[in-house]
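Numbering (my numbering), first residue to last: 441 to 1108.
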C-alpha cells in the first residue's frame, strides 16, 4: 500500500493526464469541452517556447477548427502548396527534377501548415481555460512517483482504482538540460535519463490522486508505459539527422517551398518553410560522435566497432552542435549558398521505429502519442498522430465517466489506433530508408513514388477504422479498401466524413458541413431525406421519422438527463427546391425549442444553389441518390459509424445500434 501521511494532500479525480504535449493537450481540451473532472500535469517548469514539432496535417487542422481554434492557424501558420524535388545531375550538381502539389488537392479545405509546437499548445491552453471556465490548466513542474491499480475496484464504474503519488519540483530542477549550448535546443528530449535525474530532486510537496482513469501522454521514454510493464519494441538505425530552425540568407530559389534534396555524396535535406521568415532544415549527418559502447568498449565515432562489441552504435547527440548541422547543410546546398541571419533552435535524432505491445492496462490506464509509437519526423506525423490518438480516446472516456455509455466502448481505442500506428511505422520505415539512401544506392524515382502513394495517408483524412462496437460494417475487410453503403457511395464507413457545402434552410447561408459539426461530444444522426418536396414517399418517410424521434423510446430522448442536452443530435439535410418547402412543416425533432421556447434553427440544411454560391454539392459529394436518401450516424470524432435507409425501419435500426453501448438516463 502507498503510505498516506497526514501532511500529504489526497483527492479524487475522474481523469489524470500525465504529460502536456500535443496528445495531453488534445485530451484535456476534450475533457474541458465535455465537462469532465480532469487534471493535467507536466514535469517541466515551462511550456515549449520554440522548436519541437511543427507540421499540422489537414485532419489535425480540421480538429483545431472544430474546437474553434482555426483563426489562430489562419493568422500565424505558414501554409504549404507546392513541394519540389532536387537530385544530382551527372556532374553532381543538384537540380530540380519535379514539382508537385503539397498533400492531396481537394481532400480537405485545409492545406498542411507549419508553426512551432509551443504556439499550438498555447492555443489549446486557451481553449481549455475557456471550456473549463478557468478550472483546468497545466500544473507544473510535477513528477509522478508511483502508480498502483487496485484490481478489486476495476468492475465498479464509480470507483477510483488507480492511485498515483505526485511530487512538486522546484522550477530550477525541472528546467530542461541544454548541454552547454547557447542556442535553445531539443536535445534533452532525446535522453532517457531525464525522468531519472529529476526523480532525485527533493520535492517541495507531494500529493496523492485516486483516479478513475489515467492517460500517459508523457513521450517516447514514457514513465507510465514503464510502470505498466509495456514493451516498446522496434529498431533503431545508424542514420542520424540534425534539425535546425533558421532565418536563412540564400540564393536557393525554392527556400519558401517544401523541398526534398538528395546530394551525390553529402547526404539529403528536407526544407520546411516556417512561420514568418523561419525555415526548418532536416539534414542527414554523415559524421557524428558516438557514445561509449557496452562492456567499456569505446565506439566513439566508430559504428563498426560498436557492431563488433555486440551493439548498435548510439549517437551522442549532446555533442552535436548547431554549427555542425549548418555546415552539413551548406555542403548539400552547393552550388547554392546558405548563410544564417538567426538560429532559433536545433536538435538531433537517430532514426528508429518502435511500437508498444499494448496501449492500455485494465482499460483504466492508457498511453497515447509517442508513448505508444515513435518514428522519424520525415512524414510530419508525430504531433498529428499523437493528437489524433487522444481525439479518438478522450471522448470515449468522457462518455463512460459521465455515465452515458458502458465501459465496453473503451476497447475500441487500442483496436483503432494500433492499426494507424502500424501503418505509420510501415510507411515511415520505407520513407526514411529511401530518404537516407544515396543516389545510385536507392531509386529517387521510387522515393517520389512512395511519397505520392503515402500522401493521402499522411493527411490523416483517410484513417479507416475497422468493424467494431462503434463502426457498423462487415468485419475482415482490408484497411486499405474503403467500404461504403450503396446508399452513400462516397461516405466510407469508418472514415471521417469529408466536407461538403450545404445551405442553412432558415436563412439560405452557405456553409461547409464541417463548420456545423463542432467537437462538442455529440453523436450525430444526419438524415438525408432526399427531394421530399417532389416525392410523396420521401415526405411520408420524413413525417414518420419525425414522429418516432419525438417519442420517449427514441435515441434522442431516452439517453437525455433532464438537466442536460441530449448526447445525440439529429440533423436534416434535404435537396428540395425552396418553393416546395414550408418551414412550419418540418418535424419538430429537427427544429426543437429549449426550456425558454427558443427555437434551434441550425439543424436543417438544403442542397440547392444559393444566391451567393452556386457550388452547393452535398448529395453529389457524398454519392447519395436524391430520390432515395440515406441516414448516416457520425461519432463524436466525425467518423462515419453507420448508414441505413432514411425510413422508420432504418431509424429503428440506429436506435437498436445505440442500445449496444449507451445507458438509458435515470427517469427514462
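Yeah, the Cβ is synthetic: ideal placement off N, Cα and C, and Gly gets one too.
Supposed contact pair residue j and residue i - C-beta distance, whole angstroms, cut 8 Å
| i | j | result |
| --- | --- | --- |
| residue 457 | residue 467 | 5 Å |
| residue 903 | residue 936 | 7 Å |
| residue 578 | residue 460 | 4 Å |
| residue 973 | residue 1068 | That belief does not hold up - the Cβ atoms of residue 973 and residue 1068 are roughly 15 Å apart, past 8 Å. |
| residue 963 | residue 953 | That pair is no contact at about 16 Å. |
| residue 668 | residue 805 | 6 Å |
| residue 915 | residue 649 | Going by Cβ atoms, the distance from residue 915 to residue 649 rounds to 39 Å, so no, they are not a contact pair. |
| residue 793 | residue 865 | 4 Å |
| residue 660 | residue 814 | 5 Å |
| residue 534 | residue 703 | 6 Å |
| residue 527 | residue 537 | 5 Å |
| residue 849 | residue 1101 | 5 Å |
| residue 812 | residue 859 | With 8 Å as the limit, residue 812 and residue 859 do not qualify as a contact, their Cβ atoms being about 12 Å apart. |
Beta-carbon spacing of residue i, residue j below 8 Å
| i | j | result |
| --- | --- | --- |
| residue 552 | residue 496 | yes |
| residue 978 | residue 989 | no |
| residue 503 | residue 959 | yes |
| residue 931 | residue 1063 | yes |
| residue 1050 | residue 926 | no |
| residue 782 | residue 517 | no |
| residue 470 | residue 838 | yes |
| residue 871 | residue 890 | yes |
| residue 801 | residue 589 | yes |
| residue 772 | residue 712 | no |
| residue 911 | residue 653 | no |
| residue 855 | residue 906 | yes |
| residue 1084 | residue 1071 | yes |
| residue 587 | residue 606 | no |
| residue 1073 | residue 1066 | no |
| residue 448 | residue 593 | no |
| residue 900 | residue 498 | yes |
| residue 657 | residue 809 | yes |
| residue 982 | residue 1011 | no |
| residue 823 | residue 573 | no |
| residue 807 | residue 604 | no |
| residue 796 | residue 665 | yes |
| residue 580 | residue 485 | yes |
| residue 651 | residue 476 | no |
| residue 928 | residue 1057 | no |
| residue 788 | residue 721 | no |
| residue 968 | residue 1059 | yes |
| residue 1061 | residue 938 | yes |
| residue 777 | residue 717 | no |
| residue 524 | residue 696 | no |
Residues sharing a beta bridge with residue i, DSSP
| i | result |
| --- | --- |
| residue 496 | 553 |
| residue 536 | 526 |
| residue 685 | 720 and 785 |
| residue 607 | 583 and 646 |
| residue 588 | 603 |
| residue 597 | The partner list for residue 597 (beta bridge, DSSP) is empty, contrary to what the question assumes. |
| residue 700 | 525 and 710 |
| residue 780 | 688 |
| residue 651 | 453 and 602 |
| residue 695 | The partner list for residue 695 (beta bridge, DSSP) is empty, contrary to what the question assumes. |
| residue 1082 | 1073 |
| residue 844 | The partner list for residue 844 (beta bridge, DSSP) is empty, contrary to what the question assumes. |
| residue 578 | 480 |
| residue 725 | 680 |
| residue 949 | In DSSP, residue 949 forms no bridge with anything. |
| residue 458 | 481 and 656 |
| residue 760 | DSSP, once it has assigned bridges, lists no residue as partnering residue 760. |
Original post:
Along the chain, which unbroken stretches of the beta strand (DSSP E) at least 3 residues long are found entirely within the region 786-816?
Top reply: Within the region 786-816, the complete beta strand (DSSP E) segments of 3 residues or longer fall at 805-807, listed in chain order.
**OP:** Kindly confirm or deny that the region 511-529 and the region 866-878 touch, where touching means at least three C-beta pairs closer than 8 Å.
**Re:** no
Subject >> Inter-stretch contact (C-beta, 8 Å, three-pair minimum) for the region 822-831 and the region 672-686 >> reply: Judged by Cβ distances under 8 Å, the region 822-831 makes no contact with the region 672-686, as fewer than three pairs qualify.
Original post:
Residue ranges of each beta strand (DSSP E) run of no fewer than 3 residues wholly in the region 954-1016, ordered along the chain?
Top reply: 963-970 and 1008-1014
**OP:** Ignoring anything shorter than 4 residues or poking outside the region 849-919, list the alpha helix (DSSP H) runs there in chain order.
**Re:** When DSSP assignments are scanned along the region 849-919, the uninterrupted stretches of alpha helix (DSSP H) that are 4 or more residues long and fall wholly within it turn out to be 851-876 and 884-899.
Original post:
Does the pairing of the region 670-684 with the region 720-730 give three or more beta-carbon distances under 8 Å?
Top reply: Touching, yes, given that three or more Cβ pairs across the two stretches are closer than 8 Å.
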